[in-house]
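Comments concern the structure below.
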Amino acid sequence: MEQNFAHIISPIVAISEKQVAATLALLDEGATIPFIARYRKEKTGSLDEVQIADIQTQYERLQELAKRKETIFARLDELGNDDAELRKRITDCWDATELEDLYLPYKPHRKTRADIAIEKGLLPLAEEILKQRPMRLPDDEEQLQGARDIIAQRISEDERSRNAIRREFTYSAVLTTKVVKDKQDTPEAQHYRDYFAVRTPLKHIASHRLLAIRRAEAEGFIRVDISPDQEKALDKLANLWLRSDNDVSYQVELAMEDSYKRLLKPSIETEFAALSKQKADEEAIRIFASNLRELLLASPLGQKRVLALDPGFRTGCKTVVLTEHGDLIAHTVVFVHNTSSTDTLQEWIKKYKIEAIAIGNGTASREAEQMANAAINGLPEGQRPQVFVVSEAGASVYSAGPIAREEFPDQDVTVRGAVSIGRRLIDPLAELVKIEPKSIGVGQYQHDVDQTKLRNGLQQTVESVVNYVGVDVNTASRHLLTYVSGLGPQVAQNIVDYRAQHGAFGSRKDLLQVPKLGAKTYEQAAGFLRLRGDNPLDNSAVHPERYALVERMAKDINCTVSDLIHDEQKRQQIKIERYVNDEVGLPTLKDIMHELAQPGRDPRGQAEEFHFDDHVHTIEDLQVGMVLPGVVTNLCAFGAFVDLGVHRDGLVHISQLRNHKPLALQQHVMVCVEEVDMARQRINLRLAEQ
C-alpha cells in the first residue's frame with residue numbers, strides 16, 4: 010500500500026512520487042526525521058525536515074483513514090449491504106469528508122423523526138411525493154409531516170446536498186457573535202469585549218481572533234453562529250430537489266427547508282466550525298513552534314562560573330552560584346533595597362571567581378540589575394563579570410516539577426528556580442528541554458488549541474533543534490539525550506548509567522556497549538552525539554558509516570584525518586566528485602567537507618550583553634515618543650511583544666512590521682513608544698528607524 014500512498018501524498022505535498030515513496034520506506038524502517046534529512050539525502054532527493062514531516066503527517070492521516078474504512082466495511086457487512094459500487098467508492102476514497110458522506114446513511118444513530126415515520130409505514134408515501142407527479146395527497150397532516158420527515162432526512166444525507174451547502178459555506182459563510190446579556194457587565198467578560206458583536210466572513214478571520222472568540226464562547230460570554238446566505242443555500246437545494254410546481258412538489262419544498270434548518274445547516278456549521286478551528290490551531294502551533302525553535306537556539310554563554318538571581322521584592326532575590334558545568338555551589342537570599350546585599354554580591358563575585366551574572370526578567374528584575382551593577386562597579390576592571398537578563402519563562406514550572414525535585418531533592422523551589430535561570434545562560438537548550446514545551450510560554454492561545462497536535466508539534470521542534478545542535482554524550486543529561494534521534498527516555502537513562510559506572514565514552518563505538526542501544530539505534534543516533542576522543546571525527550557531524558570514506562580521502566592525498574580537519578589547503582586538494590558512488594552522492598560529500606572545515610562547531614553563536622534604558626523602570630516612566638532598547642519576547646499572528654524592562658511587554662502591531670525584516674525571538678531592537686494605555690496596562694510600540 011506504500012506505493013498507493015506515495016501516489017496519493019505526492020500531489021498534496023508537491024513532492025515527486027519517487028521522493029515520497031523513498032521517504033515512506035525510510036519511515037517504515039524506523040528512521041527518524043532528523044536522520045533522514047541529514048544522512049539520507051541521496052534517497053530522498055535532499056528533502057528537508059519540514060518536507061519529511063509533511064509526508065509523515067499525510068501518511069499517518071491515510072493510515073487512520075484505512076482503519077476507518079475497516080470499520081465502515083464491517084458495518085456494511087453487519088447490515089448485509091453488498092452494493093459493489095458503494096464499496097468501490099469507499100475503497101477509492103481518501104478524503105475524510107467524502108468518506109463520511111458515503112457512510113452517513115448507514116451510520117448508527119439515535120432514532121430520528123424519519124425513523125419513527127418509517128416505522129409507521131410512511132416510506133411509500135414519501136417515495137411517491139419525491140417523484141413530484143400529480144397525486145391525491147392524504148388529508149391527514151400527521152401522515153404528510155411523517156413523509157416530509159423522511160424526505161428531509163434523505164435530503165440531508167444526500168452527498169449532492171451536503172456538497173452544495175458546503176460550497177455556500179466555503180464562499181459566503183459569516184461568523185457572527187452575540188454577547189450573553191446577563192454576563193456582559195461582569196469583570197471577567199471585559200477581557201472579551203472586543204468580541205461581543207462580531208460579524209465577519211469566516212474565510213477572512215485571523216487565527217488569533219477565532220481562538221479568542223472560541224475561548225469566550227467556551228467560557229459562556231458570547232454565542233457564535235456560522236451561516237451562509239440562507240436564500241442562496243435554499244436555491245442550491247431547490248436546483249437539486251424540486252422538479253415541478255404543484256401541490257406535491259410544495260411538500261418537497263417544505264421538507265427541503267426543514268432539512269436545511271434542522272439537519273443540514275447545523276451539521277455543516279459544526280463541520281466548518283471544526284475546520285476553521287483546526288486551521289487556527291495549525292497556525293497557532295506553527296507560530297509557537299517557530300518561537301520555541303528560536304528560543305531553544307538562543308546563544309549559550311558557555312562554560313563559565315555564574316551567579317544567578319531570581320528577583321523578588323518581598324521575599325528577596327534567591328541567589329545561587331553555579332560551576333562552569335551548572336553544578337550548585339552555594340545559595341543565599343539578598344534584598345534589592347538593602348545596602349548589605351551589594352556587599353554580599355561583591356564578596357561572592359570575588360570568592361567564587363564569578364564570570365557572569367544571570368538575572369531573571371520577572372518582578373524586581375530592574376532593581377536586581379541595579380544592585381548587581383553597583384556590586385560590579387566596586388570591583389577592579391579585570392574582575393567585573395558580564396550581566397545578562399534571562400527569560401524566566403517556564404522556570405516556575407521546572408522548579409516545582411519532578412525533574413527539579415530529582416536534581417535537587419534537598420532544595421526548595423526558589424533555589425531550583427534560580428539554578429534554572431543560571432543554567433539557561435550557560436546553555437539554554439540543555440536547560441529548556443527539561444520543561445514541557447507548552448509551559449515555556451512563547452505561543453498564543455496554547456491552552457485553546459488541540460493539545461495532542463500541540464504536543465506533537467513542539468516535541469518535533471525540540472527534537473529538530475537538539476539534533477541540529479548536537480549533544481556531547483559525556484556531559485549531557487538524560488533529559489537532553491532523550492531528544493537525540495533514535496534514543497528515547499530508556500536508552501538515554503542507560504547511557505547516563507553506563508557513563509556513571511564506566512566513565513566517559515572514549516569513542517562512538519563504545520556506545521554499542523550500552524544496554525538496549527543496538528545497531529539500529531546506533532545508526533539513528535551516532536551522528537548527532539559528540540565526544541572528544543582519539544578519533545577527531547567523533548566530535549563532528551560526520552556519521553560513523555562514512556568514516557572509511559573520509560579515511561580514504563586522507564590516504565589519497567597522503568595525510569591523516571586530523572590533517573584534513575586542521576589544514577584547509579589539504580581539504581582543497583580533495584575532488585569530491587571522485588568519491589560519488591551508488592550510496593554516496595554530492596549532497597553527502599558536501600556535508601562531509603563542510604563538517605571537516607569546522608567539526609563540532611556550535612551553530613548558536615555567542616550570548617551578548619543587553620541593557621535596558623537606565624531612566625525607565627515602570628510603565629509610569631514611559632512617554633510617547635521615547636526611543637528605547639528592548640528584547641523581543643514573543644512573536645504572534647498580530648505582532649511582536651517587546652520587553653522594555655517595565656514589567657509589562659509592549660506590542661509592535663503587525664501593521665508596523667510589514668516593511669521590516671522579520672524579527673526573531675530574543676532579538677535586541679530599538680522601539681519608539683506610540684501609546685501608553687494606563688487603564689488597560691497596554692503599551693503600543695513601533696520599530697525605531699536605525
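Under our numbering, think of the first position of the sequence shown as 10, with each following residue one higher.
Virtual Cβ for every residue (Gly too), placed ideally from N, Cα, C.
Does the distance from the CB of residue i to the CB of residue j come in under 8 Å?
i: Ala289; j: Leu220; result: yes
i: Ala367; j: Val406; result: no
i: Pro147; j: Leu139; result: no
i: Arg534; j: Val493; result: A small correction: the amino acid at residue 534 is Ala; Arg does not occupy that position in the sequence shown. Yes, Cβ-Cβ distance for Ala534 and Val493 is below 8 Å.
i: Ala126; j: Ala156; result: yes
i: Ala242; j: Tyr269; result: yes
i: His677; j: Gly654; result: no
i: Leu273; j: Ser181; result: no
i: Lys313; j: Glu364; result: yes
i: Val345; j: Ala377; result: yes
i: Asp543; j: Ser571; result: no
i: Gly452; j: Asn300; result: yes
i: Arg49; j: Ala40; result: yes
i: Val442; j: Leu337; result: no
i: Val261; j: Ile160; result: yes
i: His662; j: Phe647; result: yes
i: Glu683; j: Asn668; result: no
i: Glu177; j: Lys129; result: no
i: Leu540; j: Asn483; result: yes
i: Pro43; j: Phe537; result: yes
i: Val551; j: Glu629; result: no
i: Leu666; j: Val641; result: no
Where does residue i sit, in a helix, a strand or coil, going by DSSP?
i: Val680; result: strand
i: Pro411; result: helix
i: Ile566; result: coil
i: His16; result: helix
i: Val442; result: coil
i: Gln455; result: coil
i: Lys192; result: helix
i: Thr209; result: strand
i: Lys187; result: strand
i: Ile24; result: coil
i: Ile214; result: coil
i: His656; result: coil
i: Ala105; result: helix
i: Gln690; result: coil
i: His511; result: helix
i: Ala384; result: helix
i: Ile601; result: helix
i: Ala616; result: coil
i: Lys397; result: It should be noted that the sequence gives Phe, not Lys, for residue 397. Strand at Phe397.
Evaluate residue i with the Cβ neighbour count: other Cβ atoms within 10 Å of its Cβ, from every protein chain shown; 16 or more gives buried, anything less gives exposed.
i: Phe14; result: buried
i: Ile45; result: buried
i: Asp319; result: buried
i: Asn567; result: exposed
i: Met1; result: It is not possible to answer for residue 1, since the shown part of the chain is limited to 10 through 699.
i: Pro446; result: buried
i: Ala562; result: The sequence given here has Met at residue 562, not Ala. Buried.
i: Asp436; result: buried
i: Gly375; result: A small correction: the amino acid at residue 375 is Arg; Gly does not occupy that position in the sequence shown. Buried: at least 16 other Cβ atoms inside 10 Å.
i: Gln469; result: buried
i: Gln582; result: exposed
For residue i, write down the residues that DSSP places opposite it in a beta bridge.
i: Ala135; result: According to DSSP, Ala135 bridges with nothing at all.
i: Asp352; result: Asp352 pairs with nothing; no bridge assigned.
i: Gln581; result: Paired residue(s): none; Gln581 is not in a bridge.
i: Lys327; result: Asp319 and Val342
i: Asp234; result: Thr185
i: Arg539; result: Asp481
i: Arg667; result: DSSP, once it has assigned bridges, lists no residue as partnering Arg667.
i: Gly639; result: Val678
i: Val661; result: Ala649 and Leu694
i: Ile366; result: Leu316 and Val396
contact_flag[the stretch 306-318, the stretch 612-632] where n(CB pairs < 8 Å) is 3 or more: yes
Contact the stretch 631-638 vs the stretch 685-697: 3+ CB pairs below 8 Å: yes
Is there contact here, the stretch 384-395 with the stretch 421-435, by at least three beta-carbon pairs under 8 Å? no
Between the stretch 234-250 and the stretch 274-289, are three or more C-beta pairs nearer than 8 Å? yes
So, does the stretch 32-46 touch the stretch 55-72, judging by three or more C-beta pairs under 8 Å? yes
Any 3 or more C-beta pairs closer than 8 Å across the stretch 104-116 and the stretch 80-94: yes
Within 8 Å, do at least three Cβ pairs link the stretch 457-472 to the stretch 18-27? no
Any contact of the stretch 547-554 with the stretch 504-512, i.e. 3+ C-beta pairs under 8 Å? no
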